[in-house]
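A.B. asks:
Chains as they are written, first to last, in the working numbering: chain F, 2 to 744; chain V, 2 to 321.
Okay, structure coming up:
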């Protein structure tokens, strides 16, 4: 961390600033160790009484900032060890250790801030001391420090921007937040880092993604270091980090064997003397152009910032959605295993209750409430997973163990995980279940809560309220894993080939980084992506396959019914008999249905067609669809709804459909996975469209017949013409059905 | 029109094309200009979403005046968008089928550059025909009334570049709240394209962005209007005064108040900087803001300037 930002609020006015912090930290740390030494030597220090009439002043900010990597030792760890070995109660009873420490820390921080920013001189010594004293008094009023530790522990394993932490910390600790955070820092609960980090020390000179020309401003700060290294990346999302994404950002050196016409022509001209510049000049021009080019695209973005006052404070364009990570923004990395209260304060009175609590939840017996039985194939897969995931491994440096669970839709993948999760929880491990979409997450969590009644299960998605809570099992959308750092021992990636995870290197990186050093990954899908299939074929990825559904009935094989140019038919109000027949069957047999359409723009068209044409038509011709001709058919009012990804009422509509209040749901591919409804049929309108690949078609066909009460369903494809992906889908499903029969 | 390898600034869609020297050189040349032609930032789809507002100015007859650097293709694309937008018909996508643009366009309010609707027309005929007022919308009529009653003219006019539709809302949300400050170049070039170089607007002494309250500024780390105003002042060669107006933090809720109360509260929010004695007496001043919704913000800032002796105040906003 190379900046100290601070925020001073005095008499209603607020002031932000940012100074170069290396000196501040050194000072802070020196003060800290001095105080510790003094305490250990039992030197009594005369403490100044706080000034009586100190004005209302709040000092917040990251006054305590360590560049942990730059220091010769790791202060956070040492501090942690020191405080753990040393009884806090002894210190607290004397009452004089924290006052000088915190007080002087604040004082010095503020003084150095004032040195850099004359404007903040308003915070005088007395004010700061007064505030420090108030904070300490508040701290002493606190009934126990274990409360603090519970608060600290809920951030365990996270990496969060300072603004996020400040917000969520102050919600619970209003007024005491700075003091508590400082204490937590002194106990080594987290590291301060800068969100945008300079890369390596410029060993590879070719790499540049920081704009030329900034160094002319003559500032001495982090950007000078960047200039030396010529390279920076976003620590939070790993954007432009070397292993992940620099391949696109790296200016390629001029390749002499390349067949790029322009380059070779220029080179030839130069070689034949037709051009007055030598090759080195052309090369330089080329490099400059490429640099310029890359500056505009694959870089961190410079922007003027009023917080740190610099004209180009870089931010990461990749993870803007999660809050802006700028180069003056600290990133707090909380250690994955925080010292619990019992471990920190072994002989104190505060330690005991939480020690008892820990005994209650002694890992080893995890309450497990699941009455169902696994089918033979499921049992085999479950044993396989438990074996691969939980067998002993010697060295922790080897790459993460991974395996693939390839099960048809409705094979009961979730039940297959349960045993593995149970063992992991019994070993005291943290489990991540990453699903591609929020709907899937919301469906999964009550099921798991039912199975593991005593385990804390957290649901993380964009609008979740449990984002900053601790737990043992986290069911999360893939994006939320960006907030974790080396935390999970077991990650189960549901629907590996689904949209956001597949094809987004950011998310794959996020999941890899959220894993603890010897973490394991289980990919679980019905349609593995091409790369996983390749790894499986090569034998690098242990795989188990479940070819049939848990209830033993075969999968529904889709039926192709060509409906011609259905968009035009609908616009012209022609009656498509296949659709009428489907609706009649649906209503007569009291079933539910999905209709998938290729594009969002088709939703409105189909919905209006159903309401304006099909239902009135069916009402007019009441006898349609019956063989005997006698059974008259009354059209009851059925509820038809549409839903798409950006629908405002998406969650509600899906919920209604789940509760079977909607008979027919017209939707795009968003509901192709993870949502299970009994008694439903599926039709895919325009299944020849390019947006439906065979994986999507397999998933959509797999929506039917998932409950044992209703083991079969019918699936229709309504294309204009047959395509390879439809045939591949039918092929695959038939093959699975055969595979199930054979063994 | 995007060049190969460049991403659309609104939807980040990338045009994939093979590397070519000409494209590289072209891009480098274009990049050296800070403000590009509007169409160069966007992909085709986003270009269709952008709904430019016509500025009632005689020099605004074709797109070539707006985009001095644009190729014919770009000009054509932008013209087509404008046609499709202005005719509001099904056949509008094809320039051959469109009738001349002037036939079907709705008139814009001459004061705030909003499109007039039937409601405005009725109001105007009912109440303002005898006053022989210009074609202004109902909102602006109310502003005029207020001005007449309480002070002189506050705001001469507001000029906006695009309509504040969902697409624009998303764009500005990303700029302001997500903090994607790259977009400032694009948003400034929108204003730059709307206010042409012959426009009388340009004859101003200073550009003043609408300030942010200190808390908001600290939270956000930047002032969205200042960033745009910086670029525009460079482009138009008009000095930028950022310190003259300052905003104080307001704690009370704006939404629960009536229209006048809200305006009055805002006039208290903006104060002149106590120590900077900028000479605004008798000057023409351009205010810059991102969105003009009710106009209260712009009017409050303009009111302050007029109170301090400015001759005339005009405002430019990105969206309306």
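For every residue, glycine included, the Cβ atom is placed at its ideal position computed from N, Cα and C.
#1: My output table needs one value for residue 237 (chain V): the three-state DSSP class, helix, strand or coil.
#2: When the Cα atoms are used, what is the spatial distance from residue 502 (chain F) to residue 437 (chain F)?
#3: Looking at the unbroken alpha helix (DSSP H) that takes in residue 298 (chain V), where does it start and where does it end?
#4: For the alpha helix (DSSP H) containing residue 269 (chain V), list its first residue and its last residue.
#5: Excluding the 5 residues flanking residue 292 (chain V) on each side, which residues of the same chain have their C-beta closer than 8 Å to its C-beta?
#6: For a contact meaning CB atoms closer than 8 Å, what does residue 306 (chain F) contact in chain V?
#7: Among F:166, F:473, F:699 and F:541, which one has its Cα closest to the Cα of residue 410 (chain F)?
#8: Would residue 376 (chain F) and residue 420 (chain F) be called neighbours here (beta carbons separated by less than 8 Å)?
#9: Would you kindly check if the distance between the Cβ of residue 521 (chain F) and the Cβ of residue 390 (chain F) is under 8 Å?
#10: Between residue 337 (chain V) and residue 114 (chain V), how many whole angstroms is the CB-CB distance? I'm expecting something under 8 Å.
#11: What whole-angstrom Cβ distance do residue 434 (chain F) and residue 495 (chain F) have, given they're in contact under 8 Å?
#12: Rounded to a whole number of angstroms, what is the C-alpha to C-alpha distance between residue 274 (chain V) and residue 283 (chain V)?
#13: Among F:570, F:656, F:680 and F:710, whose alpha-carbon lies nearest the alpha-carbon of residue 686 (chain F)?
#14: If you drop the 5 nearest sequence neighbours on each side, which residues of the same chain put their C-beta closer than 7 Å to that of residue 306 (chain V)?
#15: Bridge partners of residue 404 (chain F), per DSSP?
#16: Who are the neighbours of residue 302 (chain F) on chain V, taking C-beta pairs under 9 Å?
#17: Does the count of Cβ pairs from the stretch 702-714 of chain F and the stretch 672-682 of chain F closer than 8 Å reach three?
#18: State yes or no: is the beta carbon of residue 327 (chain F) nearer than 8 Å to at least one beta carbon in chain V?
#19: Kindly identify the DSSP beta-bridge partner or partners of residue 116 (chain V).
#20: Can you tell me the Cβ-Cβ gap for residue 405 (chain F) and residue 544 (chain F), rounded? I've got them flagged as a contact below 8 Å.
#21: What separation, rounded to the nearest whole angstrom, lies between the Cα atoms of residue 258 (chain V) and residue 512 (chain F)?
#22: Under 7 Å, CB to CB, which of the residues in the stretch 191-220 of chain V have a partner in chain F?
#23: Measure how close the beta-carbons of residue 741 (chain F) and residue 549 (chain F) come, nearest whole angstrom, since I'm counting them as under 8 Å.
#24: Distance check for residue 574 (chain F) and residue 617 (chain F), CA to CA, integer angstroms please.
#25: Does any residue of chain V have a CB that is nearer than 8 Å to the CB of residue 234 (chain F)?
#26: Mind pulling the chain V residues with CB within less than 8 Å of residue 321 (chain F)?
#27: Can you pull the chain F residues whose beta carbon is under 9 Å from the beta carbon of residue 334 (chain V), in chain order?
#28: Alpha carbon to alpha carbon, what distance is there between residue 518 (chain F) and residue 536 (chain F)?
#29: Under 7 Å Cβ-Cβ, which residues of chain V neighbour residue 315 (chain F)?
#30: Quick one: grab the DSSP three-state call for residue 230 (chain F).
#31: Please go through the same chain and pick out, in chain order, the residues whose beta-carbon is closer than 7 Å to the beta-carbon of residue 323 (chain F), but skip the five residues on each side of it.
#32: For residue 371 (chain F), tell me which candidate among F:505, F:320 and F:452 has the shortest Cα-Cα distance.
#33: Which one of F:542, F:642, F:528 and F:702 has the shortest CA to CA distance from residue 561 (chain F)?
#34: Measuring only the C-alpha atoms, how far is residue 467 (chain F) from residue 473 (chain F)?
#35: So, with DSSP's three-state summary, where would you put residue 494 (chain F)?
#36: Between the stretch 584-612 of chain F and chain V, which residues of the former have a C-beta closer than 7 Å to a C-beta of the latter?
C.D. replies: The answer reads as follows:
#1: If DSSP states are grouped into helix, strand and coil, residue 237 (chain V) belongs with the helices.
#2: Linking residue 502 (chain F) to residue 437 (chain F) through their CA atoms gives a straight-line distance of about 7 Å.
#3: Under the DSSP assignment, residue 298 (chain V) falls in the alpha helix (DSSP H) whose first and last residues are 297-308.
#4: In this chain, the alpha helix (DSSP H) harbouring residue 269 (chain V) covers 260-270.
#5: For residue 292 (chain V), where only same-chain residues beyond five positions count, the Cβ hits under 8 Å are 165, 173, 318, 319, 320 and 321.
#6: Within 8 Å Cβ-Cβ: 222 and 223.
#7: Between residue 410 (chain F) and the set F:166, F:473, F:699 and F:541, the nearest pair of CA atoms involves F:699.
#8: Cβ atoms of residue 376 (chain F) and residue 420 (chain F): not closer than 8 Å.
#9: Yes, the Cβ-Cβ distance between residue 390 (chain F) and residue 521 (chain F) is below 8 Å.
#10: No answer is possible for residue 337 (chain V): it lies beyond the span of chain V, which begins at 2 and ends at 321.
#11: Contact holds; Cβ gap of about 6 Å.
#12: Taking the Cα positions, residue 274 (chain V) is about 18 Å away from residue 283 (chain V).
#13: Residue 686 (chain F) has its Cα closest to that of F:570, out of F:570, F:656, F:680 and F:710.
#14: Result list for residue 306 (chain V): 281, 286 and 314, in chain order.
#15: Bridge partners of residue 404 (chain F): F:523.
#16: Within chain V, the residues 181, 182 and 183 have their CB atoms less than 9 Å from the CB of residue 302 (chain F), given in chain order.
#17: The answer is yes - the stretch 672-682 of chain F touches the stretch 702-714 of chain F, with three or more Cβ pairs under 8 Å.
#18: It does; some Cβ of chain V falls within 8 Å.
#19: According to DSSP, residue 116 (chain V) bridges with V:109.
#20: In this structure residue 405 (chain F) is in contact with residue 544 (chain F), their Cβ atoms being roughly 4 Å apart against a cut-off of 8 Å.
#21: Roughly 48 Å between the two C-alpha positions.
#22: Within the stretch 191-220 of chain V, those residues whose Cβ lies closer than 7 Å to any Cβ of chain F are, in chain order, 215, 216, 218 and 219.
#23: Confirmed, Cβ separation roughly 3 Å.
#24: Spanning the two alpha carbons is a distance of roughly 12 Å.
#25: By this cut-off, residue 234 (chain F) is not an interface position.
#26: Chain V residues near residue 321 (chain F): 175, 179, 180 and 181.
#27: An answer regarding residue 334 (chain V) cannot be provided, because it is not within the stretch 2 to 321 covered by chain V.
#28: Computed Cα separation, rounded: 22 Å.
#29: None at all; the shortest Cβ gap to chain V is about 11 Å.
#30: Confidence at residue 230 (chain F) is low in this model, with a pLDDT of 45, below 50, so the placement of that residue is unreliable and no value is reported for it.
#31: Excluding its 5 nearest sequence neighbours in each direction, residue 323 (chain F) has C-beta neighbours in its own chain below 7 Å: 483, listed in chain order.
#32: Checked all of F:505, F:320 and F:452; the closest Cα to residue 371 (chain F) is F:452.
#33: When each option's Cα is compared against that of residue 561 (chain F), the closest is F:702.
#34: Answer to the nearest angstrom: the Cα atoms are 13 Å apart.
#35: In the structure shown, residue 494 (chain F) sits in a strand (DSSP, three-state: E or B).
#36: Those would be none; no residue qualifies.
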